[in-house]
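Written below as structure tokens is the structure these notes are about.
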Amino acid sequence: SRYFALIPAAGIGARIGADIPKQYMPLAGQPMLMHVLDTFAAAGAISHVFVVVSADDGYIADLMAAAPHLQGRVTLLFHGGATRRDSVLNGLQAIREEVGDDDWVLVHDAARPGLTCALIERLVETLRDDLVGGLLALPVVDTLKRGDQNARVAQTVERAELWAAQTPQMFRYGLLLRALTLAEAVTDEASAVEQLGLQPRLVEGSPRNFKVTLPHDVALAEMFLKEKF
Ligand code: C5P
């Protein structure tokens with residue numbers, strides 16, 4: 004089976020407070036999404052990269068025009084949806100003719116520019132013979148509290164078994180399409196697969212693969228992107 008990347012990049016990134024969508028914010032001299040596309044284009048295991056953008060995206064054409072090295076490696080899908088799950092599901096439906104049920108799909112947030120080829124390789128090597136699939140994730144370091152409506156602690160959650168989910172999340176095309184079609188209100192692919200009663204595998208990710216979300220994240224992301232690895 005082959006390995007494909009699917010990148011939902013149709014969000015508006017409201018929490019970052021910038022005047023352009025988050026995935027196009029400049030980071031270390033490149034739009035955030037460009038870092039992600041470069042990494043997947045350079046990853047030996049990946050056959051092709053699909054990017055889901057919104058139908059009225061006004062930035063992607065300029066990005067692609069500035070990236071002749073991505074020609075033939077990246078296909079744009081103008082099928083963004085109302086939620087991340089909708090964007091991913093629309094993307095999966097749009098590539099139906101090009102991908103087989105047993106091919107692997109690595110779904111990765113455009114907002115995680117710190118991904119490296121080494122992390123992709125670790126995920127692919129760990130899961131290539133897996134029956135379910137899985138995701139990059141990091142063991143949680145903070146003590147976590149569940150709060151009530153009055154911001155009072157309702158419960159302390161046992162930290163020892165907790166992981167923070169990252170992306171890529173890697174599942175076979177047929178399974179992922181079925182899972183996301185049936186899923187209700189999920190914020191990642193693994194949750195949809197869990198709703199089928201399956202247990203995705205957790206593969207250790209990296210702090211540098213964090214999701215750029217809030218204004219102060221930009222400086223941290225630039226620090227990681229300038230690092231040699
Ligand atoms: O908003 P958040 O950071 O959780 O978004 C995660 C990823 O999902 C981003 O790459 C964003 O562009 C994408 N997304 C999408 N369609 C939406 C919402 C988010 O493709 N409707």
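Just so it is clear: in the sequence shown, position 31 is 34 by the UniProt record's numbering, and no numbers are missing. For each residue, glycine too, the CB sits at the ideal point set by N, CA and C.
query, result
"Round the Cβ separation of Lys25 and Gly32 to the nearest angstrom and send it over; I've been treating them as touching at under 8 Å.", "Actually they do not touch by this definition, with Cβ atoms about 17 Å apart."
"What are the complete beta strand (DSSP E) segments, minimum 3 residues, inside the region 152 to 201?", "156 to 160 and 166 to 175"
"Since Leu92 and Leu183 are thought to touch, with beta carbons under 8 Å apart, how far apart are those beta carbons, to the nearest angstrom?", "5 Å"
"With three or more C-beta pairs closer than 8 Å as the rule, is the region 58 to 76 touching the region 90 to 105?", "no"
"When DSSP labels each residue in this structure, what does Val144 get in the three-state scheme?", "coil"
"Only counting runs of 3 or more residues, tell me where the beta strand (DSSP E) segments fall wholly within the region 17 to 74, in order along the chain.", "49 to 55"
"What do you reckon, is the C-beta of Asp112 under 6 Å from a heavy atom of the ligand C5P?", "yes"
"Starting from the Cα of Glu207, find the closest Cα among Val55, Val127, His82 and Leu66 and give me that residue.", "Val127"
"Would you list the residues sitting across from Gly150 in a DSSP beta bridge?", "Val156"
"Give me the Cβ distance between Ala48 and Ile123, rounded to the nearest whole Å; I'm assuming they're in contact under 8 Å.", "7 Å"
"Do you know whose CA, among Val54, Ala68 and Arg87, lies nearest Leu79's CA?", "Val54"
"What span of residues does the alpha helix (DSSP H) with Arg88 cover, start to end?", "Arg87 to Ala97"
"When you compare the CB positions of Leu9 and Gly94, do they come within less than 7 Å of one another, or not?", "yes"
"Indicate, with yes or no, if the ligand C5P has a heavy atom lying under 6 Å from the CB of Thr129.", "no"
"Secondary structure at Val206, three-state DSSP: helix, strand or coil?", "strand"
"Looking at Val156 and Arg88, is the spacing between their C-beta atoms short of 7 Å?", "no"
"Excluding the 5 residues flanking Lys148 on each side, which residues of the same chain have their C-beta closer than 6 Å to its C-beta?", "Val156 and Thr159"
"Say yes only if the C-beta of Arg88 is nearer than 6 Å to one or more non-hydrogen atoms of the ligand C5P, and no if none qualify.", "no"
"Should Ala195 and Ala186 be called a contact, given that it needs their Cβ atoms to be closer than 7 Å?", "yes"
"What are the partner residues of Leu223, as DSSP defines its beta bridges?", "DSSP output for Leu223 lists no bridge partner at all."
"Can you tell me whether Met37 is buried or exposed, with buried defined as 16 or more other CB within 10 angstroms of its CB?", "buried"
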